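The sequence shown maps to residues 18 to 440 in our numbering. We put the CB at the ideal spot given by N, CA and C, even for glycine. Just so you know, these numbers come straight off a predicted model, no measurement behind them. Below is one structure; the comments refer to it alone.
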Amino acid sequence: MTALGALRNRISRFERKDVLPAAGLFVVGAALYAVGWYPFFRDVHTFALWNVPIGWRLISLGGACAAVLVRRRLPMSALGAGLFFSAIDVLMGFSISMLLVLSELLYSATLHASRYASRMLVRTVIALMVVFTTVLLSVVHDWQVIVLLVMLMLTIMFVPVWWAMTVRQERDVAEAERSRAEQQATIAELDRRTAVSEERARMARELHDVIAGHLSAIAIQSDAVGSMSEDRAAVDEVLRTIRKNSVDALREMRAMIELLRGQNTEGEQVSYTAPARLAELDALLESARAAGLDVTVTVGTEDGPVDDPAGGPLDGLPASVDLAAYRIVQEALTNAVKHATGARTWVTVRPEGGDLYVEIVNELAGEEMSVLPGAGIGLLNMHERAVAIGGTISAEPVGDRWRVHAVLPLGGEREHEHEGSGR
């Protein structure tokens, strides 16, 4: 790399916003020297330690202007250099050119230095102003000179520092607002992602609950057809049940797809409504029995059991409890069909106090029972549904039986109106 290239790289490090102020201050200062505007007061030169040619003043001014080049990156160092050359200028005779440069360096140091350094600089300037005014009042007895010097010091030292602090505070406020806006945007995005994730989980749970039972029944029944080849009536009955489950599964799948698309075939908005009431438990039990389960159901009240849940005392449960209880029974029966086909199963639903107790017990699979593989999603769905409404659930073997037991809080008064519940 040539010397010219190295010099060009060094110059390129300084941005235009650094070079222009430095060059402008030097040109203005040199012009003031050229017209003879130094020292600032005609009688001040008598206090100078020596009378020097103007060239030395230009060198001192150039050094101070060079400090302006780094005033943003090294604000306190640039101010220190400016104070050094200002002290030399005072020794040569007080000049307005150097004061202009010092004013710029004070402004930049207050604006770009650390908060602690800026605060200390402001306090130092105020202290110097007090000391300067006190000394001036005790030494100088000409009020015109005192007022002129105090106004000069205010203009050169205090005004730049005050202005820089004002700009800095506005900048900090804008930065805080921008940071707050970014945080709010981040929180909103996280909320959106959480909502999307929760909605996906809800849809997956609904899809599993409304489809898995039908498909499990189809799998069990189609497997049983092979052993009924000599009983044509039984085969026809199983095939009819398989077809019914297939049609129901397709209907539920179509409803879910329309929900995901957000419109039906006529372009109207749809609301997916799944069979999700304990009052509709009969249809669920019929499907389970058709799949081979020997189901006994007891729908109880605080006064004792009743035979028919439809329109009975359980009608009017809170919508969330009604839905969760129905889905838990549905999933437990589906698991019984998958893992213990033909087993005896007992379903009990009863309110007690402020809770709804749901219990499904089935015999564990024997060697003669067919068993379908499972992924455990159904148990997870039951747990999520119970926890979502503040309930508890357990699913575990008890002796030679599998027991699902859920306690769902009713949440106060039961709802007597289901219209508009969105289920």
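Residues that DSSP places opposite residue i in a beta bridge
i      : result
ASP444 : There is no way to answer for residue 444, as the model of the chain reaches only from 18 to 440.
GLY333 : DSSP lists no partner for GLY333.
PRO368 : LEU373
VAL157 : In the DSSP output, where bridge partners are listed per residue, VAL157 has none listed.
VAL162 : Its beta-bridge partners do not exist; DSSP assigns none.
Given residue i as reference, the closest of the options once Cα atoms are compared
i      : options                        : result
THR409 : LEU373, ARG89, VAL424          : VAL424
ARG33  : ARG88, ARG420, ALA412          : ARG88
ARG90  : ASP372, GLY97, HIS129, ILE71   : HIS129
PRO221 : ALA336, ARG402, TRP419         : Here residue 221 is Ala; the residue named in the question, Pro, does not match the sequence. Cα-wise, what sits closest to ALA221 is ARG402.
ARG10  : LEU396, ALA412, GLU380         : Beyond the ends of the chain as shown, which are 18 and 440, falls residue 10; an answer cannot be given.
LEU116 : MET273, VAL147, ARG74          : ARG74
VAL255 : THR141, ILE274, ALA305         : ALA305
VAL85  : GLU303, SER112, ARG257, PHE43  : PHE43
LEU49  : ILE113, ASP35, VAL36           : ILE113
ARG260 : GLY371, ARG219, ALA307, LEU301 : ALA307
PRO414 : ALA357, ASN398, ARG185         : ALA357
GLU275 : GLY309, LEU224, VAL69, GLY317  : LEU224
LEU145 : ARG132, ALA360, TRP160, VAL167 : VAL167
ALA360 : GLU297, LEU310, LEU396         : LEU310
PRO368 : SER239, VAL316, ASP299         : VAL316
PRO70  : ARG188, GLY110, LEU334, GLY41  : GLY110
THR365 : SER411, ASN352, THR313         : THR313
GLY46  : MET270, SER77, TRP160          : SER77
ASP106 : MET273, GLN161, GLY72, SER131  : GLY72
ARG420 : ILE406, SER131, THR362, THR183 : THR362
Integer Cβ distance of residue i from residue j, believed to fall under 8 angstroms
i      : j      : result
ILE394 : LEU350 : 15 angstroms between Cβ atoms; not a contact.
TYR374 : LEU295 : The Cβ separation is near 12 angstroms, so there is no contact.
MET93  : ALA126 : 6 angstroms
VAL142 : VAL178 : 5 angstroms
LEU232 : ALA266 : 6 angstroms
VAL346 : LEU301 : 7 angstroms
LEU427 : VAL338 : 6 angstroms
TRP180 : TYR124 : 6 angstroms
MET182 : VAL139 : 6 angstroms
ILE406 : ALA341 : 6 angstroms
MET135 : ARG185 : First, the amino acid is wrong: residue 135 is Ser here, not Met. SER135 to ARG185, Cβ: 7 angstroms. Contact.
Continuous beta strand (DSSP E) stretch holding residue i: start and end
i      : result
GLU413 : 409-415
LEU425 : 418-426
GLU376 : 372-380
Extent of the continuous alpha helix (DSSP H) run through residue i
i      : result
VAL36  : 33-51
LEU86  : From DSSP, LEU86 is part of no alpha helix (DSSP H); its letter is neither H nor E.
THR172 : No alpha helix (DSSP H) contains THR172, which DSSP labels as neither H nor E.
GLU297 : Segment: none, GLU297 is in no alpha helix (DSSP H) and carries neither H nor E.
PRO92  : 92-109
ILE406 : Counting along the chain, ILE406 falls outside any alpha helix (DSSP H), and DSSP gives it neither H nor E.
SER114 : 113-129
> Counting pairs of beta carbons, one from the stretch 115-127 and one from the stretch 169-178, are three or more of them closer than 8 angstroms?
Replying inline: Enough Cβ pairs lie closer than 8 angstroms, so yes.
>> When you compare the stretch 72-89 with the stretch 102-109, are there three or more beta-carbon pairs, one atom per stretch, that lie closer than 8 angstroms?
In response: Under the Cβ criterion (8 angstroms, minimum of three pairs), the stretch 72-89 counts as touching the stretch 102-109.
> Does the stretch 136-152 come close enough to the stretch 206-217 to have 3 or more Cβ pairs within less than 8 angstroms?
Replying inline: They do not touch, by the three-pair rule.
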